[in-house]
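Numbered per the working numbering, the sequence shown spans residues 41 to 250. Built from N, CA and C at the ideal position, the CB exists for glycine as well. Following: one structure in structure tokens, then a few remarks.
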Amino acid sequence: MSEATRVKLLEGALRTLVEQGIAKTSARSIAATAGVNQALVFYHFGSVDELLAAACRYGAEQRVARHRDRLAAIGSLSELLAFGREMHAEERAQGHVAVLGQLLAGAQTQPRLAPATAAGLELWITEVEGVLRRVLAGSPLGEFADAGGLARAVAASFVGLELYEGVDPQGAEAALGALEQLAVLAAALDGLGPVAQRAVRHHLRKTAGR
């Protein structure tokens, strides 16, 4: 029963963030959403901040686990970006990107939320980095691309697009389209013959001062 109550509170915290925002998320509002006594927030988590931190980790674990098999099957940058667009639409429709946006906003004024929010993002970053390392391994870009940095850029982009989309939907769509154009370019490089690929690598090394 105790574990069931704990899960209710975690899910209640996530729903409250989506429906009411960080400013109106309190022990009372979370307990009401979860359908439990307010005192149980403090019994299980000690404070609202601790509950929100745990909810961030819990939510990220649930979402990453849902998509892990699909990520493992991706074989190209274009597939990764197509998946990202599809996943963004799904996560946005279900309110999960909004939760992350609320937690990021809350972390600016409530420092205890920052480590948990970063840890939740890190789960996504780890998965995306693994895909990038795999799909770039045989590409002329693989030697020069920072897979870890790119994975963080991808994660930041999709969180930022949630906020940007609210004020400029066409601009957000254009941003996604630009990312897809980069994937087309990478695919074109992959399609070059061995001699052309060596020439590209040589030029990139020269440009990078290697």
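Measure from the alpha carbon of residue i to the alpha carbon of each residue in the options, then state which is nearest.
i, options, result
"V104", "G211, L144, L161, A212", "L161"
"L57", "A100, A138, Q150, W164", "A138"
"V168", "Q210, D186, A129", "D186"
"T45", "K64, Q78, A63, A122", "Q78"
"G170", "I62, D109, L153", "D109"
"F146", "T166, R125, D89", "The sequence given here places Gly at residue 146; Phe does not occur at that position. Looking at the Cα atoms, D89 is the closest of the given residues."
"W164", "R68, G188, R152, V76", "G188"
Closer than 7 Å by C-beta to residue i: which residues in its own chain qualify, once you throw out the five before and the five after it? Chain order, please.
i, result
"R97", "A156, A159, G160"
"R125", "L216"
"G61", "Q142"
Within 10 angstroms of its Cβ, does residue i collect 16 or more other Cβ (buried), or is it exposed?
i, result
"S19", "Here the chain covers residues 41 to 250 and nothing more, so residue 19 does not appear."
"S87", "exposed"
"T65", "buried"
"E101", "exposed"
"A177", "exposed"
Please work out which residues of its chain come closer than 6 Å, Cβ to Cβ, to residue i, disregarding the five sequence neighbours upstream and downstream, and give them in chain order.
i, result
"A128", "According to the sequence provided, residue 128 is His. The question's Ala does not apply to it. Result list for H128: F198, in chain order."
"V175", "S116, L117"
Please report the Cβ distance between residue i and residue j, rounded to the nearest whole angstrom; I am assuming they are in contact, meaning their Cβ atoms lie under 8 Å.
i, j, result
"G52", "I70", "5 Å"
"L140", "L153", "Between L153 and L140 the Cβ distance is about 11 Å, and since that is not below 8 Å, they are no contact."
Using a Cβ-Cβ cut-off of 8 Å (strictly less than) and excluding sequence neighbours within five positions of residue i, which residues of its own chain qualify?
i, result
"H84", "S42, T45, R46, L49, L91"
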